[in-house]
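For reference, each letter of the sequence shown is one residue, going -14 to 486 in the numbering used here. Here's the structure, in structure tokens; my notes come after.
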Amino acid sequence: MKFYEGSIGDKMTRRKGGKLPLPNILRYGINLAQGILELHSQGILVLNLKPFNFLLNETDLAVLGDIGIPYLLLGIRLPSSDMTHRLGTPNYMAPEQWQPEIRGPISFETDSWGFACSIVEMLTGIVPWHGKSADEIYDLVVRKQEKPLIPSGLPPAVEKVLLGCFEYDFRSRPLMKDILHVFKSSENGGEDDGRWTDLGSTTVSDRKHSTTGYTEWFLSKDHLLVGDTVRSRKPSNSCKPENMDVPEGNVVGVEYSTDRDGFVLVKVHGIHDPLRVNVLTLERVTFGLAAGDWVRLKEEDKRHSPVGILHSIDRDGNVAVGFIGLETLWKGSSSQFQMAETCCIGQFVKLKSNVLSPRFAWPRKGGGMWATGKICWILPNGCLVVKFPGRLTFGEELGDFLADPAEVEVVSFKNCPGVVKKYQHLEDFHWAVRPLLIALGLFTAMKMGSFVGKRIGRSKAKRQSSVIHNDVQHMDHAGSGNPAWLPPPVANILFGEGAAR
């Protein structure tokens, strides 16, 4: 076995401030990306990328060191199924790496996150999430979806690819071949100012495509060829196709630029001339399936959810699917699947009535009924992150829950039978709905009571006024016929009338 003098991490500890010059970082990055890419071509994930695991040889060439596969290299079986947990170092771990069977799966793009963390550390001399405990890092990366800070002043292409590596959804991250391309281009034409003193928000944003909501790294992962069946790409997290300029057609011509962007000619049924369409607005359809579709296994496996998200499908029908319960992508044939109901951010869902013991904890309403929540995020394996705006939470009480898409059903006003069910669904929108309606009811009752009371009071006043008016008229009438007339009680007192009676 070859012996190495030290690692990049060792070299950083010997430098003032721990930072490395940009030319060295680009060169090391190219060395490492090439090694990682070679492992990826063999289907091997590293999952433990950090400067102290990058060895340096006698010519200052960076080599992958402890890459977490000694058991594979020695032909020994992995000692346990949680190897991925023990291989990762919290400061460099991607969101899906913490709980790959729940928030995963892990994939080649998982290594892109660790690679970017290592590059940022070389640039700044500071370990990502320095001073934070594992629990604090989990809360920041997984729950709050925060990203390591990138120093300003980098070449725009490098800054952009590092930002892409920190996308929460690994499908939106660049592959190692994309990173290698950027680092090689920057090494050939990059300039070094030798200084990064301030950490802050980067000036280059990783913009998503204006019409679809996908990153350019996501869109560049599949190249269209003549003969492919295509359709207009659905906007990200959308249930309903919008602006379907190409409902379905066949590619009859391809025109790519040097930046892998370009146009294709698509022959659409019913239209005489082919349409010239930007490739970024199209997705390839193979055997009726496209990347991002929701699918269900025809024969369920109790080890994982039957419903998942299709990550890729090649032209032969071989697929890779993310399922809750599996740490890595499921590989198989498209013939094993059927289309599943699509879940989208913003939908309200509740557990199906026949689900007695759900995969994840789920709150109940009064009376024991399952509560209804709103999908706020969808993980790459189809796991739903659900919030319950109809529930009032306090302090550190958990405000969001996870759900298996196979165990839930969509709730809307359309499928709520009767006024009572529709009102109950209205309460799901916000916990304040019921108090507001109660307050509105009380206010209305008070106003109505006040109004009725005033009407009754005015009615009594009118009757009393009418009686007094009649008495006055009667007295005026009696007085006009007998000037000496006095009311009977007064006559009794003055003249003693009736005393002898």
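All C-beta atoms in this analysis are idealised placements derived from N, C-alpha and C, irrespective of residue type, glycine included.
| request: Leaving aside the five residues before and after Phe155 along the sequence, list all residues of the same chain whose C-beta is less than 7 angstroms from its C-beta, in chain order. | output: Numbered from 1 along the sequence shown, position 170 holds the residue referred to as residue 155. So the qualifying residues of the chain are Ala79, Glu81, Ser92, Glu94, Thr95, Pro365.
| message | Check for me: the alpha helix (DSSP H) holding Gln19 runs from which residue to which? | response | Start at 1 with the first residue of the sequence shown, and residue 19 comes out as number 34. It spans 7 to 26 - the alpha helix (DSSP H) in which Gln19 sits, taken as one unbroken run.
| Using the C-alpha atoms, what's the distance from Asn339 back to Trp347? | Residue mapping note: residue 347 aligns to position 362 of the sequence shown, counting from 1. Residue mapping note: residue 339 aligns to position 354 of the sequence shown, counting from 1. Each residue's alpha carbon lies about 14 angstroms from the other.
| message | I'd like the list of long-range same chain contacts for Gly310, defined as Cβ closer than 7 angstroms, with 5 residues on each side in sequence excluded. | response | Within the sequence shown, the letter at position 325 stands for residue 310. Around Gly310: Glu86, Arg288, His289, Ser290.
| task | Pick out whichever of Gly317, Gly293, Pro374, Ile441 has its Cα sitting closest to the Cα of Glu392. | result | Sequence index remark: in the sequence shown, residue 392 carries index 407 (1-based). It is Gly293.
| request: Leaving out five residues on either side along the sequence, give the residues of the same chain with a beta carbon under 8 angstroms from the beta carbon of Leu46. | output: To locate residue 46, count along the sequence shown from 1; it is residue 61. Contacts found: Asn16.
| request: State the Cα-Cα distance for the pair Val371 and Ala388, rounded to the nearest angstrom. | output: Your numbering for residue 371 matches position 386 in the sequence shown. Your numbering for residue 388 matches position 403 in the sequence shown. Those two C-alpha atoms are separated by around 7 angstroms.
| request: Can you grab the Cα-Cα spacing for the pair Met161 / Asn235, in whole Å? | output: One-based indexing of the sequence shown puts residue 161 at position 176. One-based indexing of the sequence shown puts residue 235 at position 250. Taking the straight line joining both Cα atoms gives about 30 angstroms.
| request: Would you check if the distance between the CB atom of Ile135 and the CB atom of Val146 is smaller than 8 angstroms? | output: For this step, residue 135 is matched to residue 150 along the sequence shown. For this step, residue 146 is matched to residue 161 along the sequence shown. No.
| message | Assuming contact is defined by CB atoms lying nearer than 8 angstroms, are Val251 and Val264 in contact in what I supplied? | response | As a working mapping, residue 251 is identified with position 266 in the sequence shown. As a working mapping, residue 264 is identified with position 279 in the sequence shown. Not a contact, by the Cβ cut-off of 8 angstroms.
| field | Residues near Ser444 by beta carbon distance below 7 angstroms, same chain, minus five either side | value | Along the sequence shown, one-based indexing puts residue 444 at 459. None.
| field | Per DSSP, cross-strand counterpart(s) of Trp315 | value | Here residue 315 refers to the residue found at position 330 when the sequence shown is read from its first residue. In the DSSP output, where bridge partners are listed per residue, Trp315 has Val306.
| request: Would you tell me roughly how many angstroms separate the C-alpha atoms of Met324 and Val280, rounded to the nearest one? | output: The residue labelled residue 324 in the question sits at position 339 within the sequence shown. The residue labelled residue 280 in the question sits at position 295 within the sequence shown. Met324 and Val280: Cα-Cα distance of roughly 5 angstroms.
| task | Could you have a look at Asn366 and say whether DSSP puts it in helix, strand or coil? | result | Counting from 1 along the sequence shown, the entry for residue 366 is found at position 381. Asn366 falls in the coil class under three-state DSSP.
| task | Mind checking which residues open and close the alpha helix (DSSP H) that includes His166? | result | By one-based count along the sequence shown, residue 166 stands at place 181. Here the alpha helix (DSSP H) through His166 covers 161 to 174.
| Which residue comes first and which comes last in the beta strand (DSSP E) that contains Ser97? | Within the sequence shown, numbered from 1, the residue matching residue 97 stands at position 112. Note, Ser97: premise wrong, no beta strand (DSSP E); alpha helix (DSSP H) at 93 to 109.
| Cβ pair Val262, Val231 closer than 8 angstroms | Locating residue 262 in the sequence shown gives position 277, counting from the first residue. Locating residue 231 in the sequence shown gives position 246, counting from the first residue. Yes, the pair counts as a contact, with Cβ atoms nearer than the cut-off.
| request: Could you name the residues of the same chain whose beta carbon sits closer than 8 angstroms to that of Ser318, not counting the 5 residues immediately before and after it, in chain order? | output: Along the sequence shown, read from residue 1 onward, the residue named residue 318 stands at position 333. Once the five neighbours on either side are set aside, the close Cβ partners of Ser318 are Gly302, Asn303, Val304.
| request: Locate the beta strand (DSSP E) running through Phe39, then write down its first and last residues. | output: One-based indexing of the sequence shown puts residue 39 at position 54. Per DSSP, Phe39 belongs to the beta strand (DSSP E) from 39 to 41.
| task | May I have the straight-line CA-CA distance separating Trp83 from Trp315, to the nearest angstrom? | result | For the purposes of this step, residue 83 is taken as the residue at position 98 of the sequence shown. For the purposes of this step, residue 315 is taken as the residue at position 330 of the sequence shown. Distance between the alpha carbons of Trp83 and Trp315: 19 angstroms.
| So is the beta-carbon of Gly2 under 7 angstroms away from any non-hydrogen atom of the ligand HEM? | Within the structure as shown, the ligand HEM is missing, as the structure has no ligands at all.
| query | Which whole-angstrom value is the C-beta distance of Leu41 and Gly(-9), which I expect to be below 8 angstroms? | reply | Translated into positions along the sequence shown, residue 41 becomes position 56. Translated into positions along the sequence shown, residue -9 becomes position 6. The pair is a contact, with the Cβ atoms about 6 angstroms apart (cut-off 8 angstroms).
| Under the rule that 16 or more other beta-carbon atoms within 10 Å means buried, what is Gln332, buried or exposed? | Locating residue 332 in the sequence shown gives position 347, counting from the first residue. So Gln332 ends up on the buried side.
| Per-residue DSSP class, three states only, for Met433 | Numbered from its first residue, the sequence shown carries residue 433 at position 448. Correct three-state label for Met433: helix.
| field | Reduced DSSP secondary structure (H/G/I, E/B, other) of Cys150 | value | Reading the sequence shown from its first residue, position 165 is the one you call residue 150. Three-state result, Cys150: helix.
| Do Val48 and Gly14 come within 8 angstroms of each other at the CB atom, strictly closer than that value? | Here the question's residue 14 lines up with position 29 in the sequence shown. Here the question's residue 48 lines up with position 63 in the sequence shown. It is not a contact, given that the beta carbons lie outside the stated cut-off.
| Do Gly367 and Pro90 come within 8 angstroms of each other at the CB atom, strictly closer than that value? | For the purposes of this step, residue 90 is taken as the residue at position 105 of the sequence shown. For the purposes of this step, residue 367 is taken as the residue at position 382 of the sequence shown. No. Outside cutoff.
| message | Going by DSSP, what residue range makes up the beta strand (DSSP E) through Ile294? | response | Taking the sequence shown and counting its residues from 1, one reaches residue 294 at position 309. From DSSP, the beta strand (DSSP E) with Ile294 extends over 292 to 298.
| request: Measure the alpha-carbon distance for Ala275 versus Val334 and round it to whole angstroms. | output: The residue labelled residue 275 in the question sits at position 290 within the sequence shown. The residue labelled residue 334 in the question sits at position 349 within the sequence shown. So the two alpha carbons sit approximately 25 angstroms from each other.
| The beta strand (DSSP E) spanning Asp385 covers which residue range? | Indexing the sequence shown from 1 puts residue 385 at position 400. Element bounds for Asp385: 385 to 388.
| Straight-line gap, Lys4 to Ile330 (C-alpha atoms, nearest Å) | By one-based count along the sequence shown, residue 4 stands at place 19. By one-based count along the sequence shown, residue 330 stands at place 345. Spanning the two alpha carbons is a distance of roughly 42 angstroms.
| field | For Glu233, the nearest candidate out of Trp362, Gly255, Glu201, Glu23 (CA to CA) | value | Start at 1 with the first residue of the sequence shown, and residue 233 comes out as number 248. The option with the nearest alpha carbon to Glu233 is Gly255.
| query | Hey, would you say Pro133 sits closer than 8 angstroms to Gly149, going by beta carbons? | reply | Working through the sequence shown from its first residue, we reach residue 133 at position 148. Working through the sequence shown from its first residue, we reach residue 149 at position 164. Contact flag unset, no.
| said: Going residue by residue through the region 238 to 283, where are the continuous beta strand (DSSP E) segments of at least 3 residues, counting only ones entirely within it? | reply: 247 to 253, 260 to 263, 267 to 270, 279 to 282
| message | So if DSSP puts Val231 in a beta bridge, which residue, or which two residues, is it bridged to? | response | Locating residue 231 in the sequence shown gives position 246, counting from the first residue. BP columns for Val231 are empty, so no partner.
| field | Own chain residues within Cβ distance below 8 angstroms of Leu22, not counting five before or after | value | Indexing the sequence shown from 1 puts residue 22 at position 37. Excluding sequence neighbours, Leu22 sits near Met161, Lys162, Leu165.
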